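Just so you know, we're using UniProt numbering here: the sequence shown kicks off at 1 and counts up by one.
Here the structure is laid out as structure tokens; the discussion comes afterwards.
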Amino acid sequence: MIASMTGYGKAILELPEKKVTIELRSLNSKTFDLNTRIPSFYREKELEIRNLISETVQRGKIDFSMMVELNPAARTQSLNAELIKNYIEEFKNITPNVSDSDLLPVVMRMPDVISYKQDDLNEDEWNQIRSTIIEAINALNKFRTDEGAVLEKHLVLNLNNILHNLELVLPFEIERIETIKERFAKRLEELKVDVDQNRFEQELVFYLEKFDITEEKVRLKNHCEYFLKELSETESNGKKLGFISQEIGREINTLGSKSNHSEMQKIVVQMKDELEKIKEQSLNVL
């Protein structure tokens with residue numbers, strides 16, 4: 001079963017003194033590209049977070065963010081008395097007639113007047129956060145798998161349309177060969193010359209071989225069946241699907257160049273349209 005490269009995963013951890021929100025987003029990328037946004041308090045765990053994500057999330061451009069909302073009621077706060085005094089002195093130099101009690105509400109809104117003390121990161125808290133990160137990763141991978149199932153349905157439909165169009169070629173292929181034979185016979189009749197019938201048949205066969213599309217049809221069908229087989233494999237492999245779609249394109253192009261028939265050309269154009277949809281969607285396969 002295939003998986004999509006785009007996805008989203010989120011998990012929330014509620015602690016007595018804080019709320020931790022983990023989010024993971026993934027977009028298309030040829031390689032694994034991880035960007036992280038982590039609060040400075042948890043920066044020491046960045047390498048462990050990166051290793052955890054790289055081991056459990058495959059190819060793609062991954063954005064990881066950790067957001068922490070502290071509970072004001074649970075935070076230990078203290079006043080910076082020295083800074084408050086300095087602020088008051090500075091304001092009194094500007095407005096000497098204003099009392100300290102009137103300046104205090106203004107000063108209390110100044111930066112760093114109130115400081116919050118946060119204990120060092122303990123192992124129990126980190127283990128809970130780590131479990132939350134894993135939960136978000138699992139949510140991301142599930143999102144990718146669910147979206148991959150939708151992609152698979154579209155790809156199967158497009159492949160079956162190509163195979164169906166391949167079957168439509170057969171009546172025109174036979175008609176085309178007969179038309180070429182009749183055209184050659186008519187031209188010879190118009191020339192009114194005697195020809196070696198055996199030599200004529202040999203030349204005609206040699207000429208018709210250039211328009212024979214039997215090999216292209218066989219290879220095109222095999223490539224399509226191989227593509228469908230890869231879709232049902234346990235592991236998703238978007239790169240291989242891309243390579244197979246290139247081979248499908250080569251056979252369709254060769255079939256078109258050999259067709260020499262207006263109706264067959266129309267069918268080839270329809271095949272190319274289906275193939276473009278396949279290529280576009282394959283770029284999003286993990």
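Note that beta-carbon positions come from the ideal geometry of N, C-alpha and C, so glycine has one too.
All figures in this text were calculated on a predicted structure; none of them were measured in a lab.
Open item on the list: I'd like to know if the segment 158–175 and the segment 43–55 are in contact, where contact means that at least 3 CB-CB pairs between them fall below 8 Å.
Closed with: no
Task: Proximity to H154 [Cα-Cα], best of Y8, E14, I278 - done: Reading the sequence shown from its first residue, position 154 is the one you call residue 154. When each option's Cα is compared against that of H154, the closest is I278.
Task: Under 8 Å between C-beta atoms of T1 and E152 - done: Here residue 1 corresponds to residue number 1 of the sequence shown, with the count starting at 1. Here residue 152 corresponds to residue number 152 of the sequence shown, with the count starting at 1. Looking at the sequence provided, one finds Met at residue 1 rather than Thr. Cβ distance < 8 Å, so M1 and E152 count as in contact.
Open item on the list: Would the segment 12–21 count as touching the segment 61–70 if we require 3 or more Cβ pairs under 8 Å?
Closed with: yes
Task: Those runs of the alpha helix (DSSP H) which lie wholly inside the UniProt domain "Endoribonuclease YicC-like N-terminal" (2–152) and span at least 4 residues - done: 46–56, 81–94, 100–107
Open item on the list: For the segment 101–113 against the segment 77–93, do three or more pairs of beta-carbon atoms, one drawn from each stretch, fall closer than 8 Å, so that the two count as touching?
Closed with: yes
TODO: Would you kindly report the start and end of the unbroken alpha helix (DSSP H) that includes T214?
DONE: Here residue 214 corresponds to residue number 214 of the sequence shown, with the count starting at 1. Taken as a continuous stretch (DSSP letters only), the alpha helix (DSSP H) holding T214 covers 214–231.
Task: Proximity to I114 [Cα-Cα], best of K229, N80, N161 - done: Numbered from its first residue, the sequence shown carries residue 114 at position 114. The option with the nearest alpha carbon to I114 is N80.
Open item on the list: Would the segment 254–270 count as touching the segment 35–52 if we require 3 or more Cβ pairs under 8 Å?
Closed with: no
Open item on the list: For G148 and G238, I'd like the C-alpha separation in whole angstroms.
Closed with: On the sequence shown, residue 148 is found 148 positions in, with the first residue counted as 1. On the sequence shown, residue 238 is found 238 positions in, with the first residue counted as 1. Taking the straight line joining both Cα atoms gives about 11 Å.
Open item on the list: Just to check my reading of the structure: Y42 and L121 have Cβ atoms closer than 8 Å, yes? What is that Cβ distance to the nearest angstrom?
Closed with: The residue given as residue 42 occupies position 42 in the sequence shown. The residue given as residue 121 occupies position 121 in the sequence shown. The Cβ separation is near 7 Å, so the contact holds.
- [ ] Please report the Cβ distance between L220 and L255, rounded to the nearest whole angstrom; I am assuming they are in contact, meaning their Cβ atoms lie under 8 Å.
- [x] Indexing the sequence shown from 1 puts residue 220 at position 220. Indexing the sequence shown from 1 puts residue 255 at position 255. Correct: roughly 7 Å between the Cβ atoms.
Open item on the list: By the DSSP assignment, the alpha helix (DSSP H) with V268 in it spans what residues?
Closed with: If you number the sequence shown from 1, residue 268 lands on position 268. First-last of the alpha helix (DSSP H) with V268: 262–282.
Open item on the list: Applying the 10 Å Cβ sphere with the 16-neighbour rule, what's the burial state of I12?
Closed with: Indexing the sequence shown from 1 puts residue 12 at position 12. When all chains shown are included, I12 counts as exposed.
- [ ] Report buried or exposed for T132, applying the criterion of at least 16 other Cβ atoms within 10 angstroms of its Cβ.
- [x] As a first step, residue 132 must be located in the sequence shown, where it is residue number 132. With 16 or more Cβ atoms within 10 Å of its Cβ, T132 is classed as buried.
Open item on the list: the ligand PLP and I94: does any heavy atom of the ligand fall closer than 7 Å to the residue's C-beta?
Closed with: This structure lacks the ligand PLP, and indeed carries no ligand of any kind.
Open item on the list: Assuming the contact rule is C-beta atoms closer than 8 Å, I84 and L24 should be a hit. Round their C-beta distance to whole Å, please.
Closed with: Taking the sequence shown and counting its residues from 1, one reaches residue 84 at position 84. Taking the sequence shown and counting its residues from 1, one reaches residue 24 at position 24. In fact, because the Cβ distance is near 43 Å, the residues do not count as touching under 8 Å.
Open item on the list: Let's test the definition: count the other Cβ atoms within 10 Å of the Cβ of N127 and tell me whether it reaches 16, buried, or not, exposed.
Closed with: As a position in the sequence shown, residue 127 is number 127, starting the count at 1. Exposed, because fewer than 16 other Cβ atoms sit within 10 Å of the Cβ of N127.
Task: Contacts around N161, its chain only, beta-carbon distance under 7 Å, and the 5 residues preceding and following it disregarded - done: Here residue 161 refers to the residue found at position 161 of the sequence shown. Only E274 meet the Cβ criterion.
- [ ] Tell me where the alpha helix (DSSP H) around E235 begins and ends.
- [x] Looking up residue 235 in the sequence shown gives position 235. Unbroken run through E235: none, as it is neither H nor E.
TODO: Return the residue from the list S65, L166, N158, V156 that minimises the CA-CA distance to V218.
DONE: Within the sequence shown, numbered from 1, the residue matching residue 218 stands at position 218. Here the closest residue by C-alpha is L166.
TODO: Just the C-alpha distance for E135 and M110, rounded to the nearest angstrom, thanks.
DONE: Here residue 135 corresponds to residue number 135 of the sequence shown, with the count starting at 1. Here residue 110 corresponds to residue number 110 of the sequence shown, with the count starting at 1. Rounded to the nearest angstrom, the two C-alpha atoms are 40 Å apart.
Open item on the list: If distances are taken between C-alpha atoms only, which option among G60, P96, D124 comes closest to D33?
Closed with: Taking the first residue of the sequence shown as position 1, residue 33 is located at position 33. If we check each option's Cα against that of D33, G60 comes out closest.
Open item on the list: Checking 8 Å against the spacing of the C-beta atoms, do I88 and V57 come in under that value?
Closed with: Within the sequence shown, the letter at position 88 stands for residue 88. Within the sequence shown, the letter at position 57 stands for residue 57. Contact: no.
Task: Cutoff 7 Å; reference G242; Cβ partners in own chain excluding five residues on either side - done: As a first step, residue 242 is located in the sequence shown; it is residue number 242 there, counting from the start. Closer than 7 Å at Cβ, skipping near neighbours: S282.
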